[in-house]
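Undergrad:
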Amino acid sequence: MSGLLTYISRRLMITIIILLAVSFTVYVIFALLPYDPAALTCGKNCNDPGIIAANRIRLGYDKPFWVQYWIFLTGLFVGRDFGSGAAAIHCDAPAFGYSFQQHACVTDLLGQALPVTVYLAIGALILWLIVGIGLGIISARFRGKIWDTLSTAFVLVGTSLPTFLTGLILIVFLVIKLPGSPFPADGYTAPEEDFGQFLLSMVLPWVTLAFAYAAIYTRFVRSQILEISTEDYIRTAKAKGLSDRMILGKHTLRAALAPIVTMAGLDFAGLLGGAILTEAVFNLPGMGRLSLTAVVDIDLPVIVATTIVAASIVVIMNMILDIVYAFIDPRVRV
Amino acid sequence: MLIGKKTVRAAIAVAAASTLAGGLLTGCSAPASAGTITYLTHQDAWTHADPQRNYTGRDIAWFGSYMNRTLTAYDRAKGAAGSAVVPDMATDTGRASNGNKTWEFTLRDGVTFEDGKAVTCEDIKYGVSRTFATDVITDGPTYAIGMLDIPSAADGSSAYKGPYSTDASNDVASFDKAITCSADHKTITFNLKRPVGDFNYTTTYLSFGPVEKAKDTGDQYDMHPQSTGPYKIKSYVAKSQMVLVRNTAWKADSDPLRAKRAFPDKIVVKFGLTEEVRDQMILNDTNKDAVSLDALLPTNLTAVFDDKGNPVAKYASRAINVYDPYVRYAAFNVAKLNCLPIRQAIYYAKDFTSLITLSGGQALNGDPADGVIKPLMGLDYKKVTGYEDWSVNGNFDKAKALMAQAKTECPALYARATDPKQGITYDIADTDTNKKASAIWIASEAKAGIVMKFNFIEAGKYYAVVLDPTKQGDMSAAGWAPDWANASTVIPELFTKEGGFPLSQNWDDPAYAEFKKGVDAALVEPDRKKQGQDWAALNQYAMDQMWVAPGVFSKTQEIWGSGIGGAFFWDPQGSLSFGDLYTK
Numbered sequence: 085m086s087g088l089l090t091y092i093s094r095r096l097m098i099t100i101i102i103l104l105a106v107s108f109t110v111y112v113i114f115a116l117l118p119y120d121p122a123a124l125t126c127g128k129n130c131n132d133p134g135i136i137a138a139n140r141i142r143l144g145y146d147k148p149f150w151v152q153y154w155i156f157l158t159g160l161f162v163g164r165d166f167g168s169g170a171a172a173i174h175c176d177a178p179a180f181g182y183s184f185q186q187h188a189c190v191t192d193l194l195g196q197a198l199p200v201t202v203y204l205a206i207g208a209l210i211l212w213l214i215v216g217i218g219l220g221i222i223s224a225r226f227r228g229k230i231w232d233t234l235s236t237a238f239v240l241v242g243t244s245l246p247t248f249l250t251g252l253i254l255i256v257f258l259v260i261k262l263p264g265s266p267f268p269a270d271g272y273t274a275p276e277e278d279f280g281q282f283l284l285s286m287v288l289p290w291v292t293l294a295f296a297y298a299a300i301y302t303r304f305v306r307s308q309i310l311e312i313s314t315e316d317y318i319r320t321a322k323a324k325g326l327s328d329r330m331i332l333g334k335h336t337l338r339a340a341l342a343p344i345v346t347m348a349g350l351d352f353a354g355l356l357g358g359a360i361l362t363e364a365v366f367n368l369p370g371m372g373r374l375s376l377t378a379v380v381d382i383d384l385p386v387i388v389a390t391t392i393v394a395a396s397i398v399v400i401m402n403m404i405l406d407i408v409y410a411f412i413d414p415r416v417r418v
Numbered sequence: 052m053l054i055g056k057k058t059v060r061a062a063i064a065v066a067a068a069s070t071l072a073g074g075l076l077t078g079c080s081a082p083a084s085a086g087t088i089t090y091l092t093h094q095d096a097w098t099h100a101d102p103q104r105n106y107t108g109r110d111i112a113w114f115g116s117y118m119n120r121t122l123t124a125y126d127r128a129k130g131a132a133g134s135a136v137v138p139d140m141a142t143d144t145g146r147a148s149n150g151n152k153t154w155e156f157t158l159r160d161g162v163t164f165e166d167g168k169a170v171t172c173e174d175i176k177y178g179v180s181r182t183f184a185t186d187v188i189t190d191g192p193t194y195a196i197g198m199l200d201i202p203s204a205a206d207g208s209s210a211y212k213g214p215y216s217t218d219a220s221n222d223v224a225s226f227d228k229a230i231t232c233s234a235d236h237k238t239i240t241f242n243l244k245r246p247v248g249d250f251n252y253t254t255t256y257l258s259f260g261p262v263e264k265a266k267d268t269g270d271q272y273d274m275h276p277q278s279t280g281p282y283k284i285k286s287y288v289a290k291s292q293m294v295l296v297r298n299t300a301w302k303a304d305s306d307p308l309r310a311k312r313a314f315p316d317k318i319v320v321k322f323g324l325t326e327e328v329r330d331q332m333i334l335n336d337t338n339k340d341a342v343s344l345d346a347l348l349p350t351n352l353t354a355v356f357d358d359k360g361n362p363v364a365k366y367a368s369r370a371i372n373v374y375d376p377y378v379r380y381a382a383f384n385v386a387k388l389n390c391l392p393i394r395q396a397i398y399y400a401k402d403f404t405s406l407i408t409l410s411g412g413q414a415l416n417g418d419p420a421d422g423v424i425k426p427l428m429g430l431d432y433k434k435v436t437g438y439e440d441w442s443v444n445g446n447f448d449k450a451k452a453l454m455a456q457a458k459t460e461c462p463a464l465y466a467r468a469t470d471p472k473q474g475i476t477y478d479i480a481d482t483d484t485n486k487k488a489s490a491i492w493i494a495s496e497a498k499a500g501i502v503m504k505f506n507f508i509e510a511g512k513y514y515a516v517v518l519d520p521t522k523q524g525d526m527s528a529a530g531w532a533p534d535w536a537n538a539s540t541v542i543p544e545l546f547t548k549e550g551g552f553p554l555s556q557n558w559d560d561p562a563y564a565e566f567k568k569g570v571d572a573a574l575v576e577p578d579r580k581k582q583g584q585d586w587a588a589l590n591q592y593a594m595d596q597m598w599v600a601p602g603v604f605s606k607t608q609e610i611w612g613s614g615i616g617g618a619f620f621w622d623p624q625g626s627l628s629f630g631d632l633y634t635k
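Sequence lines, in order, name chains A and B. All letters in the first sequence, in the order written, are residues 85 to 418 by our numbering. All letters in the second sequence, in the order written, are residues 52 to 635 by our numbering.
Dropping the structure here:
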């Protein structure tokens, strides 16, 4: 047990160091960009050098890079004030900064966007795992038969169609052209506002996102099963007279699931950073749209925050997977 | 007004009797106080919701109709009647004295914020004071800074820096003298630094509206301004939606302008829609109670309008194509292009026909402009003369003759304009259409021997670049609409050094001194008719000097769902009169 605790402690330390390195790298990159953050805070009034200079001081952009980074880091733990006097803005911890283009603390923007992306990613994950694993099994089980051919066609279409095109096709035919369509075309409804409408607003985004992933998972599961089927212990099981169904359920699938879980975990983590195209097509105010508009608008604090958050999710998910593996397989702890 | 002001002239809110008759005959219903109107837009959020930061006509029309009241407003009527100023929070349209340098307004009884607090003179004064905080309250109109009798600091900016400044030099005393309140907190007096005969037009700007000091959150006020109108914000999430519900603190008898027009129970704005989805939703009438806040994509215009610009039968009752308040033009940087014959030659060599065809044709995009004042301006417009030989297809003989004249009058500039390695630099936003337009310009100007080179600037930064005199090229594409129905918001803004959009940089032109005298006289001219003649003459003068190459008196299109009634184009704001819309 102490070996496991040591392993987890070590893994946690490494994760913290990686997160610090990620935040520092992102901060350096954006400090090197040819944009003056102070000149992005005052709209068309930014034609006035006096206002830019005043805002630079007011918002701390006149301080050395190290000081600015330190203020950023401390803001994550204790919150941060922007400016002074009656127009001062306070952002609670964890304060990632303030967006003058969206007139809000970046953490609040993340707080609005992240749940939307989580809902999107969870729904899509469930859908693509069911479809992908199901079709993969069928395809492998009936290799060379019509089901395999149909499954291969599904994989081909799923991997070929860009997500935005799938989304637009669904919107045009199932929303705009379909009389009395239950699906809304005008965007997202929060679950706390109207749960039924929320489900209706998420069905097509889930299908769109899951379609592409399900195709990939179908192919992956099929190849995993076929590969495992040639293993000695499967032959042994067959020789012992176990039924195909028993072999598939008890031996083949169990062995195939480990890499699928890893892959799904990482894909899920990646999606939490934002499914940009799906969110854009279906007008979902998630992390992807937040990042996209921040890049287009050169909203530097938001770009820094979304990059760090997306990277952190992947790093933390990796850590969790490593720890889970350590539970499952003692050899990993060494 | 620099951006976003759109126009239309259209269908009409019907009088009660005719509506009833129509209802009996056609099954249409009278406006009812019920339902939800849904606005669709590609924008991720409003440019601004803060009354001191609202500047575009559409945004002022929308927020002014539903939430943000000010001292005076434009009447809610179609055509010229809509340009009449009427009282809003004030009891009348203002009382001028001291040779139009002092203006007084008295507040109606019963005007409140959404929290029930009565609006006082001090709230309006505080609201106006925020305009001066240009470091925090950005992008709004700054007429208060230019007009109120407050001294300037050494750098030319106002000595008063707004309510947030903690600077000891902040001249609060001057601001307190410039705006005073009566003892009963009901009458507000504005003391101006120069006579302004139409100051009550200026006060139609929401920037002259009240803000409750205790509720002011500076920059963040933009996300939740306190309402003084019939609706208030229930929720507002950028990239998602805004929901307005009825403001229960609003008293209809304090608001004759909106009292019988606050029809829907709920108003929803859906942000961030893909442009094609937004268009298809409206074209297919997916939500009959929806209104598009944006222009249709050019590729979808032909589905709605015929070659003459009229709506096709399917959309006849729910689409309009009208002139907007904009004039599009190319500003000559006179400081660089200080040679009149070359400026005129460029204008004569322009191929208007090809350029307008590129944008979708004259029926949907507009007519050739002859100056910077649009005929819609009525009193201030007079057809510009002296360019009768200009042709929509270009008059290359004339252009060549002018270039020959330039060769002797301004040889250095002539040499540059005809040198393939140098040429004339034209600043323009970096868009696909502009890239195609540049090819047309280059080809047609070449016929007069002029070398045209294009400087494509990222669209979002375009004006920030060209408004910087050190970065502006020889010419810059631009558009301008009057802030209200007076060319005092056009001619001085575009052609004086103090103006808000002086792309022509013409103050070193020998012709400028006389022009400036004329502008100063016109600004204080008390007789509106005479003032209109003055503006028309100054427009002619500016065109004589070719400080800009006129482009298009542009048009715009609006479309809404079949369940929407009461739609008409509100000329002064260049948008639909949102507050008159109802669900059938």
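We treat Cβ as the ideally placed atom computed from N, Cα and C, and that holds for glycine.
Can you tell me whether DSSP reads V378 of chain B as helix, strand or coil?
TA: It is a strand residue.
Undergrad: By DSSP's criteria, A141 of chain B is part of a beta bridge. Which residues make up the other side?
TA: Answer is B:L158, bridged to A141 of chain B.
Undergrad: Hey, out of B:A346, B:V170 and B:R394, whose CA is closest to D235 of chain B's CA?
TA: Here the closest residue by C-alpha is B:V170.
Undergrad: Measuring only from the beta carbon, is A135 of chain B closer than 7 Å to any heavy atom that is part of the ligand FMN?
TA: With respect to the ligand FMN, the structure offers nothing, as it holds no ligand at all.
Undergrad: Name the chain B residues whose beta carbon is nearer than 8 Å to that of G120 of chain A?
TA: Here residue 120 of chain A turns out to be Asp, not Gly, going by the sequence shown. The premise fails here: D120 of chain A is roughly 12 Å from chain B at the closest Cβ pair, so nothing lies under 8 Å.
Undergrad: Using a beta-carbon distance below 8 Å, is S208 of chain B in contact with chain A?
TA: So yes, S208 of chain B belongs to the interface.
Undergrad: Against I387 of chain A, what residues of chain B qualify as contacts under a CB-to-CB distance less than 9 Å, listed in chain order?
TA: What I387 of chain A touches in chain B: nothing, since even the nearest Cβ is about 15 Å away.
Undergrad: Check the Cβ-Cβ distances between G323 of chain B and every residue of chain A, and say whether any is below 8 Å.
TA: Yes, G323 of chain B lies at the interface with chain A (some Cβ there is under 8 Å from its Cβ).
Undergrad: At 4 residues or longer, what runs of the alpha helix (DSSP H) sit wholly inside the region 394–473 of chain B?
TA: Runs of the alpha helix (DSSP H) inside the region 394–473 of chain B: 403–409, 413–416, 447–460 and 462–469.
Undergrad: Within 10 angstroms of the Cβ of G651 of chain B, are there 16 or more other Cβ atoms? Answer buried if so, exposed if not.
TA: Absent from the structure is residue 651 of chain B, since the part of chain B shown begins at 52 and ends at 635.
Undergrad: Have a look at B:T279, B:G178 and B:N338 and flag the residue whose alpha-carbon is nearest the alpha-carbon of D267 of chain B.
TA: Among B:T279, B:G178 and B:N338, the Cα nearest to that of D267 of chain B is on B:G178.
Undergrad: Which class does E326 of chain B belong to by DSSP, given the choice of helix, strand or coil?
TA: It is helical.
Undergrad: With DSSP as the reference, label Y633 of chain B as helix, strand or coil.
TA: DSSP places Y633 of chain B in strand when its eight states are reduced to three.
Undergrad: With a floor of 4 residues, list each alpha helix (DSSP H) that falls wholly inside the region 101–148 of chain B, ordered by position along the chain.
TA: DSSP runs (the alpha helix (DSSP H)) wholly in the region 101–148 of chain B: 108–117.
Undergrad: As a quick exercise: from B:A112, B:H93 and B:A184, pick the residue whose alpha carbon is nearest that of N139 of chain A.
TA: Nearest of B:A112, B:H93 and B:A184 to N139 of chain A, Cα basis: B:A184.
Undergrad: For F403 of chain B, tell me which candidate among B:Q103, B:D101, B:F620 and B:A494 has the shortest Cα-Cα distance.
TA: Among B:Q103, B:D101, B:F620 and B:A494, the Cα nearest to that of F403 of chain B belongs to B:A494.
Undergrad: If you draw a straight line from the C-alpha of H174 of chain A to the C-alpha of I491 of chain B, how long is it?
TA: Between H174 of chain A and I491 of chain B, the C-alpha separation is close to 52 Å.
Undergrad: Going along chain A, which residues have a C-beta under 7 Å from L91 of chain B?
TA: Those are D270, listed as they occur along chain A.
Undergrad: So what does C189 of chain A bridge to, in DSSP terms?
TA: Looking at the DSSP assignment, C189 of chain A forms a beta bridge with A:Y182.
Undergrad: Starting from the C-beta of W531 of chain B, find all residues in its chain whose C-beta is less than 8 Å away, skip the five residues before and the five after it, and write them out in chain order.
TA: Once the five neighbours on either side are set aside, the close Cβ partners of W531 of chain B are M52, L53, Y377, V378, Y380, V423, V541, E544, L545 and F552.
Undergrad: Could you name the residues of chain A that S291 of chain B contacts, counting a contact when the two beta carbons are closer than 7 Å?
TA: By Cβ distance, chain A contributes G271, Y272 and P369.
Undergrad: If I follow the unbroken alpha helix (DSSP H) through V305 of chain A, where does it start and stop?
TA: F279 to I312 is the span of the alpha helix (DSSP H), which, as asked, contains V305 of chain A.
Undergrad: Rounded to the nearest angstrom, how far is the Cβ of L348 of chain B from that of Q596 of chain B, given a contact under 8 Å?
TA: Going by Cβ atoms, the distance from L348 of chain B to Q596 of chain B rounds to 38 Å, so no, they are not a contact pair.
Undergrad: With DSSP run on the structure shown, which of helix, strand or coil describes K228 of chain B?
TA: Helix at K228 of chain B.
Undergrad: In whole angstroms, what separates the C-alpha of T279 of chain B from that of M118 of chain B?
TA: Rounded to the nearest angstrom, the two C-alpha atoms are 6 Å apart.
Undergrad: Which residues in chain B have a C-beta closer than 8 Å to the C-beta of D256 of chain A? List them in chain order.
TA: Correcting the residue type first, residue 256 of chain A is Val in the shown sequence and not Asp. Those within 8 Å of V256 of chain A in chain B are Q331.
Undergrad: Roughly how many angstroms separate the alpha carbons of I312 of chain A and L240 of chain A, rounded to a whole number?
TA: I312 of chain A and L240 of chain A: Cα-Cα distance of roughly 23 Å.
Undergrad: For D360 of chain B, does the count of other Cβ atoms within 10 angstroms reach 16, so buried, or fall short, so exposed?
TA: Residue identity differs from the one stated: residue 360 of chain B is Gly in this sequence, not Asp. So G360 of chain B ends up on the buried side.
Undergrad: List the DSSP bridge partners of D526 of chain B.
TA: Reading the sequence as shown, one finds Met at residue 526 of chain B and not Asp. Per DSSP, B:F383 and B:Y477.
Undergrad: So, is A72 of chain B buried or exposed, given that buried needs 16 or more other C-beta atoms within 10 angstroms?
TA: Caution applies to A72 of chain B, whose pLDDT of 33 falls short of 50 and renders its modelled position unreliable; the value that the coordinates give is listed next. The residue is exposed, with fewer than 16 neighbouring Cβ atoms inside 10 Å.
Undergrad: Measure the alpha-carbon distance for A573 of chain B versus D585 of chain B and round it to whole angstroms.
TA: Rounded to the nearest angstrom, the two C-alpha atoms are 6 Å apart.
Undergrad: Assess, as a yes-or-no matter, whether the region 292–303 of chain B is touched by the region 241–249 of chain A under the definition of 3 or more beta carbon pairs within less than 8 Å.
TA: Result no; under three Cβ-Cβ pairs closer than 8 Å.
Undergrad: Roughly how many whole angstroms lie between the Cα atoms of G216 of chain B and T125 of chain A?
TA: First, the residue type needs correcting, since residue 216 of chain B is Ser and not Gly in the sequence shown. Each residue's Cα considered, the two are about 17 Å apart.
Undergrad: Take the Cβ of S327 of chain A as the centre, count every other Cβ of all protein chains shown within 10 Å, and call the residue buried at 16 or more, exposed below.
TA: By the 10 Å Cβ count, S327 of chain A comes out exposed.
Undergrad: Tell me whether the beta-carbon of I333 of chain B lies closer than 8 Å to the beta-carbon of I610 of chain B.
TA: Yes.
Undergrad: Cβ closer than 7 Å: which chain A residues qualify as neighbours of D95 of chain B?
TA: Per Cβ cutoff of 7 Å: T377.
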